[in-house]
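Some notes on the structure that comes next.
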Amino acid sequence: MSKTIRLIYPQWQGGIISDWIKELKPEDSSRGYYLGAKLLSILAPQNDDHETLEVPVSLDIKNREIKNGIIDYDFIVSQTKNALDILNKNNPDKIITFGGECSVSVVPFTYLNKKYDNDVALIWIDAHPDITLPEDNTYAGYHAMAISSCMGNVDKNISSILPSKISSDRILFVGLRDWERDEIKKRQEEYGITHFAPEEASSENIINWLKKSNASKVLIHFDLDVLDPNEIIAAVGVSPNGMKINETVRIINDIAKEKEIVGFTIAEHMPRIEIMLKNMMADLSLFN
Numbered sequence: 015m016s017k018t019i020r021l022i023y024p025q026w027q028g029g030i031i032s033d034w035i036k037e038l039k040p041e042d043s044s045r046g047y048y049l050g051a052k053l054l055s056i057l058a059p060q061n062d063d064h065e066t067l068e069v070p071v072s073l074d075i076k077n078r079e080i081k082n083g084i085i086d087y088d089f090i091v092s093q094t095k096n097a098l099d100i101l102n103k104n105n106p107d108k109i110i111t112f113g114g115e116c117s118v119s120v121v122p123f124t125y126l127n128k129k130y131d132n133d134v135a136l137i138w139i140d141a142h143p144d145i146t147l148p149e150d151n152t153y154a155g156y157h158a159m160a161i162s163s164c165m166g167n168v169d170k171n172i173s174s175i176l177p178s179k180i181s182s183d184r185i186l187f188v189g190l191r192d193w194e195r196d197e198i199k200k201r202q203e204e205y206g207i208t209h210f211a212p213e214e215a216s217s218e219n220i221i222n223w224l225k226k227s228n229a230s231k232v233l234i235h236f237d238l239d240v241l242d243p244n245e246i247i248a249a250v251g252v253s254p255n256g257m258k259i260n261e262t263v264r265i266i267n268d269i270a271k272e273k274e275i276v277g278f279t280i281a282e283h284m285p286r287i288e289i290m291l292k293n294m295m296a297d298l299s300l301f302n
């Protein structure tokens with residue numbers, strides 16, 4: 015029987031997001047993905063056949079600095095090693111990851127790509143393509159470099175740690191609608207990565223692409239910012255005209271009927287209300 019693990023990976027260091035969440039203190043919004051990962055793991059249906067493991071993640075926010083074009087570089091390298099150690103020790107066949115910002119997919123996906131000898135296709139369900147590079151000198155958040163890192167294009171040190179590289183012809187963007195900069199759209203064209211905008215993101219189109227990929231197994235990354243903010247605001251990003259919850263669920267379930275999903279990540283939950291409640295209770299003297 016195959017072994018599935020649930021990986022709680024509350025890495026928050028890859029985001030630089032406090033300017034976008036004015037209702038929270040910068041230290042609370044910056045570390046919001048930490049609580050988001052814990053909440054997603056609690057809210058997900060439980061399964062006694064799945065072992066739950068957690069990647070140790072620092073909460074130190076005192077001296078955030080950019081190194082090698084990536085903010086909190088040393089923490090990210092250390093936590094990348096932590097995550098990989100867990101996977102190597104437990105040798106899972108399938109991984110469900112609760113993030114955390116988008117870079118939490120990098121370790122499990124490159125691990126699974128190696129395990130299955132490159133016989134995987136990666137479906138990145140996200141409002142953004144996450145193909146920024148450190149040398150762009152525009153945004154130093156590692157979560158915006160997640161696909162670049164999966165491809166081995168980000169940092170020599172990080173790439174040397176990761177188990178494999180995923181080829182661009184095995185990557186599909188679904189729900190993409192915000193490139194943020196012209197150079198990102200141009201880079202996607204140079205990489206040759208196909209995308210389906212929300213209005214094009216049908217099960218039929220995605221499954222047809224999967225068949226052409228010739229991969230027998232699938233990795234799915236689900237960034238909650240892909241969802242239409244008119245229906246739900248669960249992440250930091252609020253790009254308009256996103257995908258509906260029911261259609262996103264249907265697409266993922268339809269993929270599961272066609273191919274074996276060996277890796278699944280749900281990421282970027284920003285629990286604004288829960289953070290406010292946490293702070294409210296912290297101010298109540300009776301708890302102390």
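Going by my numbering, the sequence shown opens with residue 15, and the numbers climb by one from there.
Glycine residues also receive a C-beta, built at the ideal position from the N, C-alpha and C atoms.
Since the model is a prediction, treat every value here as computed from it, not as a measurement.
{"Asked": "Test item: CB-CB of residue 139 and residue 236 under 8 angstroms", "Found": "yes"}
{"Asked": "Top-ranked residue by Cα proximity to residue 229, from 60, 86, 274, 66", "Found": "274"}
{"Asked": "Contacts around residue 149, its chain only, beta-carbon distance under 8 angstroms, and the 5 residues preceding and following it disregarded", "Found": "83"}
{"Asked": "Counted within 10 angstroms of its Cβ, other Cβ atoms place residue 127 as buried (16 or more) or exposed", "Found": "buried"}
{"Asked": "Selection from 21, 272, 242 that minimises the alpha carbon distance to residue 258", "Found": "242"}
{"Asked": "Through-space distance from residue 155 to residue 14, alpha-carbon basis", "Found": "Examination of residue 14 is not possible in this model, given that the chain is present from 15 through 302 alone."}
{"Asked": "C-alpha gap between residue 291 and residue 35, whole angstroms", "Found": "16 angstroms"}
{"Asked": "Cut-off 6 angstroms between Cβ atoms - residues of its own chain near residue 144, not counting five sequence neighbours on either side", "Found": "116, 158, 160, 161"}
{"Asked": "Nearest-angstrom Cβ-Cβ length linking residue 286 and residue 38, presumed shorter than 8 angstroms", "Found": "7 angstroms"}
{"Asked": "Sub-8 angstroms separation of residue 25 and residue 113 beta-carbons", "Found": "yes"}
{"Asked": "The region 92 to 105 contacting the region 65 to 78, beta-carbon criterion three pairs below 8 angstroms", "Found": "yes"}
{"Asked": "Span separating the alpha-carbon of residue 270 from that of residue 53", "Found": "25 angstroms"}
{"Asked": "Buried versus exposed call for residue 185 [16 or more other C-beta atoms within 10 Å across all chains shown]", "Found": "buried"}
{"Asked": "Contacts around residue 43, its chain only, beta-carbon distance under 7 angstroms, and the 5 residues preceding and following it disregarded", "Found": "31, 32, 35"}
{"Asked": "Local conformation of residue 21 per DSSP, three classes", "Found": "strand"}
{"Asked": "Burial state of residue 152, where buried means 16 or more other Cβ atoms lie within 10 Å", "Found": "exposed"}
{"Asked": "For residue 34, three-class secondary structure by DSSP", "Found": "helix"}
{"Asked": "DSSP beta-bridge partners of residue 237", "Found": "281"}
{"Asked": "Sequence-distant residues of the same chain with beta carbon closer than 7 angstroms to residue 231, five excluded per side", "Found": "130, 133, 134, 273, 274, 276"}
{"Asked": "Alpha helix (DSSP H) segment containing residue 94, residue limits", "Found": "87 to 104"}
{"Asked": "Cβ neighbour criterion (16 or more within 10 Å) applied to residue 46", "Found": "buried"}
{"Asked": "Coarse secondary structure for residue 295, derived from DSSP in three states", "Found": "helix"}
{"Asked": "Exposure label - residue 329; buried when at least 16 CB within 10 Å", "Found": "What the structure shows of the chain is the stretch from 15 to 302, and residue 329 is not part of that stretch, so it cannot be assessed."}
{"Asked": "Best match in 183, 198, 246 for proximity to residue 303 [C-alpha to C-alpha]", "Found": "For the chain, the structure presents residues 15 to 302; residue 303 sits outside this window and is missing."}
{"Asked": "Own chain partners of residue 87 with C-beta closer than 6 angstroms, once the 5 adjacent residues on each side are dropped", "Found": "81"}
{"Asked": "According to DSSP, residues forming a beta bridge with residue 135", "Found": "232"}
{"Asked": "Check whether residue 136 and residue 121 have beta carbons under 8 angstroms apart", "Found": "no"}
{"Asked": "Outcome for residue 301 when other beta-carbon atoms lying within 10 angstroms are tallied against a minimum of 16", "Found": "exposed"}
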